[in-house]
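Colleague:
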Amino acid sequence: MIYIYPYGNFGKSIEKCLKLFNLQYDIIDDSNNKISLNHTNIDSKNDIVLICIAKNPNQIIDKLNLKGNFNHIDGVLYCLDILKTEFKFDKPNHSYEDILAELFGITNCLDQNSTSRSEFVKFFNQYGNFINNYYKNKFKNIKIWGGIDVSFSNMKHLYKIPSILEQNGLNLIYIFQTKYYKEDPNKKFIIILNYYLWHFLDFLPNILSSANMKVSNNTKLYFIEHAYCTPRVLPIISDNPKQELNGYLLKNKNNINLIGNKQDYEICEKIYNSIIVKAGYPSIDKNLENYSNDCKKEWVMIAFVDDAIDENSAFNLAKVLLENGYKVIARVHPAFKENMKKLYSISNLNFIFDGSSSPIESFKNSFTVITNHSSLAHTYPLTTLRKAILFMPNSILDKEIYGKTFFDENLHLKATNFDEILLNLKELEAKKDDLYEQEKIRSYRNNEVYNLGHSSEFIAGFILGKWGGGMSNFNMKIIKAGYPSLDKNIDKYIHKQNPKYILISFFQSNAVAKDTIKLVKFLIKNRYMIIIRLKPGENDFKCYSELDNKSIIYDDGSDDVIHSFENSFTLITDYSSIAHTYPLTTLRKAILFMPNSILDKEIYGKTFFDENLHLKATNFDEILLNLKELEAKKDDLYEQEKIRSYRNNEVYNLGHSSEFIANFILEKLKEK
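If you count the sequence shown from 1, position 267 lands on 267 in the UniProt record's numbering, and the numbers rise without skipping.
1) Please decide whether A227 counts as near chain D, where near means a Cβ-Cβ distance under 9 Å.
2) Alpha carbon to alpha carbon, how far is S13 from S374? Give it in angstroms, no decimals.
3) I502 to D574, Cα distance in whole Å?
4) Which partner residues of K414 appear in the DSSP bridge assignment?
5) Tell me T71's beta-bridge partners as DSSP assigns them.
6) Taking L385 as the reference, which of K364, Q497, V277 has the closest Cα?
7) Does the Cβ-Cβ distance between E166 and L158 come in under 9 Å?
8) Any contact of the stretch 612 to 626 with the stretch 588 to 596, i.e. 3+ C-beta pairs under 8 Å?
9) Just to confirm, are K220 and Y196 a CB contact at a threshold of 9 Å?
10) Closer than 8 Å: is that where the CB of F353 sits relative to any heavy atom of the ligand GDP?
11) With the cut-off set at 9 Å, would you say P205 and I459 are in Cβ contact?
12) Helix, strand or coil, according to DSSP, for E631 in the structure here?
13) Among E641, L627, I530, which has the Cα closest to the Cα of T585?
14) Are there 16 or more other CB atoms within 10 angstroms of the CB of N663, so buried, or fewer, so exposed?
15) Determine the direct distance from the alpha carbon of Y380 to that of S292, and round the result to whole angstroms.
16) Taking only runs that begin and end inside the stretch 69 to 148, name each unbroken beta strand (DSSP E) of 3 or more residues, in chain order.
17) Between S366 and the rest of its own chain, which residues show a CB-CB distance below 7 Å, the 5 nearest in sequence each way excluded?
18) Give me, in chain order, the residues of the same chain whose beta-carbon lies closer than 7 Å to that of F123; leave out the 5 immediate sequence neighbours on both sides.
19) Within 10 Å of its beta-carbon, does G468 have 16 or more other beta-carbons around it, so buried, or fewer, so exposed?
20) Identify every residue that forms a DSSP beta bridge with D354.
21) Counting only the same chain and skipping the five closest in sequence on each side, list residues whose C-beta sits under 8 Å from that of I401.
22) Does the stretch 170 to 187 come close enough to the stretch 88 to 103 that 3 or more CB-CB pairs lie under 8 Å?
23) If you run the structure through DSSP and keep just helix, strand and coil, what is M301?
24) So, using beta-carbon positions, are I284 and L382 closer together than 9 Å?
25) Is K220 helix, strand or coil by DSSP?
26) Closest to L413 by C-alpha separation, out of L425, K404, G403, would be which residue?
27) Rank Y5, F21, N56, I53 by C-alpha distance to the C-alpha of D47 and give the top, closest one.
28) Between which residues of its own chain and L321 is the CB-CB distance below 7 Å, once the five residues before and five after are set aside?
29) Taking DSSP as the reference, what is the three-state secondary structure of A617?
30) Who are L258's beta bridge partners in DSSP?
31) S274 and L249 - do their beta-carbons sit closer together than 9 Å?
32) Can at least three beta-carbon pairs, one atom from the stretch 35 to 42 and one from the stretch 15 to 22, be found at a separation below 8 Å?
33) At which residue ranges does the stretch 154 to 183 contain complete beta strand (DSSP E) runs of 3 or more residues, listed in the order of the chain?
34) Can L428 and T371 be called in contact, C-beta distance under 9 Å?
35) For the beta strand (DSSP E) containing V369, name the first residue and the last one.
36) Quick check: the Cα distance between K188 and Y450, rounded to an integer number of angstroms?
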């Protein structure tokens, strides 16, 4: 009989290896009296004890010697001897690769000078070089762009990127780990290889992955975060988050880190020499394409990750929720199902265990999620537009890195005990269909998440531009730059409550001036106060001399427009640029006063009129109706949030377009 002793993490890894070898074994575990060393009968002639401890193995050997003269060997060396005996260097053996991966994890914990470590490293390098040569020869006649990591969440976090790259003529090798491999006729070129052996593959120019693994120095790793906000999780899981982040971003010589959102980018840019790209998060785009808001929101999700919450706490929380009349959906992180197995014992019609590959159905049917530092804490509110409850001690909630925390007041409520959870649930249930609350999150999402809705396309385009060397390969004619003048407006603008005036601004000609005079007289007759603003260069108010009235302010256009914006609740205009900059600055709609024949003119399906920013009017009566509607809504926060959300999604590089354009020019100069 083979015995594993002791039975810690080292021993459990050796156990996995013995299972893969199909060997029978038994366990000695001093923490369990029934199977402790003192209660185990070992045959000194026929049995062997595998010493499975990283530090001070002599202590374990001394304990064995006190009991008897037993055969013993280091657990790593035992497994290694079997590998050396059985392995033939003719083709990959995927079962043995998994054993190598387990041993790799163990030997990283061993003393640098230990025999088992040095023997393992020799064999590991020998096998790795064999694997590299095997696949290099297999694909030697094919022009390969690189590898695509399939195994991590079945490419969920890569979404459409591989298909876009293939549509653009790139040859991709799909890299599977053994346990995740499934035959797929759509995947022409395949490598089956454990993550820990990737760094031997020196013939792949690139790898795209959501697992930040070590790769060859010849390879660029395009790394997409698999957790939405990894940098902000680090203070929770690490004692030295800044050092951890440094290693995370600079893991490989050629790491290109594709960042999903502004807060993470602002953290990552602190790391000197890291290559970071404002890319977006394809997994959220996938959520948004599959999510619909048409289900009744009757359920509460609970979804925790690892041992930050013990199974008793999760179990007790579910019971408290059920006792208080809530319907509960429990979703457990795939890697930590064992930690939450007590939840499986709950038998209640109002309790569902969601073990599906996608959380979308649970998202559709719930009005909130209670979670800890799971990525779901962010992806749930960003998908559903409903806040999540973070159930963690304040000491964890307040942990930060470069001034940023995992907790985000735009997306979360805090709870440190069950009573606080119940209070939060009452608040969220009351607001579950509140459009204003949803628009606030939508607006935040559109401003925070890079390339929302098209991150796969952006990342694929970025890769295609890099493939072959540098930005010049984009063949750029237009740049998604932004509008610095709008940024200037927003910086200066102060949003005032209950503004009294209507701003009027038209491209002036004698004919238009006559119509403007008629319009102003009509508005004054209806007791409105007016600001008339001329275009720059049109500084002659003589044509308006007959309108000498205390209800009119004249703005000659020589100064900043902001004062007129701040004091008006709408704008009446034509095809002037102000028709767009006014609502995008003030978050109040403008009225376009033009004939329908002009309003409906389009180019490539687009018109000057934008229903998100404008109301239409073709005569004075329609203007009056629009004014009554806009006056009633001039301080309506929901209406303002709708425009803010549209603005954040529509305008490129909002708030930092000057910086973007300047940096773009500097980068182009560096290429010269």
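Where is the CB? At the ideal position from N, CA and C, for every residue including glycine.
As the structure is a prediction and not an experimental result, all values here were calculated from the model.
Modeller: Concretely, from the data shown:
1) Looking for chain D here will not work: only one protein chain is present.
2) 26 Å
3) 14 Å
4) L390
5) The question names Thr, but residue 71 is Asn in the sequence shown. N71 is bridged to I48.
6) K364
7) no
8) yes
9) no
10) In terms of ligand content, the structure shown is empty, and the ligand GDP therefore cannot be addressed.
11) no
12) helix
13) E641
14) exposed
15) 13 Å
16) 71 to 74
17) K297, W299, V300, M301, I329
18) L80, L83, K84
19) Confidence at G468 is low in this model, with a pLDDT of 40, below 50, so its placement is unreliable and the value that follows should be read with caution. By the 10 Å Cβ count, G468 comes out exposed.
20) R331
21) P231, R232, L234, P235, P241, K242, L245, I267
22) yes
23) strand
24) yes
25) strand
26) L425
27) Y5
28) V300, V328
29) strand
30) I224, V277
31) yes
32) no
33) 172 to 176
34) no
35) 366 to 371
36) 32 Å
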